[in-house]
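If you count by our numbering, then the sequence shown holds residues 1 to 309, one letter each, in order.
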Amino acid sequence: MKNQNRPEMITIEDQNFGSHVEHWSLLTEDPSSDVPKWMGLALDAPVMPMGLCTQECDMDANIWLIQGPKQSHILINQVIDVENNRPKKVKTAFPSFSSPYKVHAQVERIISCKTNTQAVLRLNLGNNNIVYAFDSLYSVNHHRYDAKQQYIAELNAWAYELEAVGEHEQLIVDDPASIKHHRALNDILAANDGVAPADLHQQIHAWQPKSEEDKEPVTVDFSKMVAYLYGETLGQEDEAWFQGQVVGKTSMQFMQQDYTLYDVTLLREDNAEATLIRIATRDPQYSKFNVGQYIRGNIWLQVNIQQPA
């Protein structure tokens, strides 16, 4: 049966979708040697997730998603082309790991490639909060998404670069347009009990200063700011920048390598529960941040969707 409520679909060329070479480089200095070995180990102890499919007959018979090694903290994902129930070739491969943090989300848009092997999802988390993330289960979920359905989405990320945010880090905003935007946003949020109205952008555009003081430069303290910016390139919106507070810190191992795991606020609004993600890094220089600190950096954001809300 055709899905009548399918999310908006955008299809782009495979080469414009980005490469996993940079992602594998976060796990090893020698991807060309290590990744094939890991793929073999994954096939020795495989897991075949079903995602949103409730039975095998619901799954796409032309694609297999094999994860492994089973019980490993980090899973090697292999999307395999299948013909007559026999594997033909690996179409793509990428790493993933689990996060304890889940949110309710609607899949508004799917940005996929022409081979339909992978995708970036536009997720609406409610309260006008939009997150883009690479769909680690797209090959089994792609025909199941319903734009009107709420799903339980697990968010996690791999860190490219991280840095501590300086205490009392400030910026003086003296551009008239930026001053207006800042003061308008504060006024509108204050008038709406901290909740952004649906027509926020229209209200900001219509806002006018009430006094000369409203036109003066604004000093913004960035040291306690929580912010998230998704990538600007179509199909690579999952390559993001963030700033948030570390609320938890643990570690894991994979192939005798240590990884630091940071639980960080990705989104935070007044009168609402913060959206948390788990960020992994293998780089020792990024392992020294402490709980309570604010950090920022560039990340590859992933989502894992296995059930409706």
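All residues carry an ideal CB built from backbone N, CA and C; glycine is no exception.
Nearest-angstrom beta carbon gap, Arg109 and Pro7 [assumed within contact, 8 Å]: Yes, they are in contact, since the Cβ atoms of Pro7 and Arg109 sit about 6 Å apart, within 8 Å.
Between the CA atoms of Tyr151 and Asn116 - distance to the nearest angstrom: Whole-angstrom Cα-Cα distance: 21 Å.
Per-residue burial, Arg86 [other beta carbons within 10 Å of its own, 16 or more giving buried]: Per the 10 Å Cβ criterion, exposed.
For Val120, the nearest candidate out of Gln253, Phe289, Thr233 and Phe242 (CA to CA): Comparing Cα-Cα distances from Val120 to each of Gln253, Phe289, Thr233 and Phe242, the minimum goes to Thr233.
Residues that Ser112 bridges to, as DSSP identifies them: Partner(s): Thr11 and Ala119.
Pair within 7 Å by beta-carbon distance, Ala133 and Val303: Going by C-beta atoms, Ala133 is nearer than 7 Å to Val303.
C-alpha gap between Leu301 and Tyr145, whole angstroms: Distance between the alpha carbons of Leu301 and Tyr145: 19 Å.
Arg296 classed as buried or exposed, judged by whether at least 16 other C-beta atoms fall within 10 angstroms: The residue is buried, with at least 16 neighbouring Cβ atoms inside 10 Å.
Through-space distance from Ala280 to Gln118, alpha-carbon basis: Near 21 Å, if we compare the C-alpha coordinates of Ala280 and Gln118.
Cα-Cα separation, Ser223 to Ser178: Approximately 19 Å between the Cα atoms of the pair.
Proximity winner among Glu167, His201, Val165 and Trp24, relative to His182 (alpha-carbon distances): That would be His201, whose Cα lies nearest to the Cα of His182.
Backbone secondary structure at Leu137 - three-state DSSP: In the three-state scheme derived from DSSP, where H, G and I count as helix and E and B as strand, Leu137 is classed as coil.
Extent of the continuous alpha helix (DSSP H) run through Ala190: First-last of the alpha helix (DSSP H) with Ala190: Pro176 to Ala191.
Cβ-heavy atom distance, Ile279 to the ligand MG, below 6 Å: Questions concerning the ligand MG fall outside what the structure shown contains, since it holds no ligand whatsoever.
Glu169 burial status per 10 Å Cβ neighbour count (16 or more: buried): Glu169 is exposed by the Cβ-count criterion.
Simplified DSSP state of Met252, which is helix, strand or coil: DSSP places Met252 in strand when its eight states are reduced to three.
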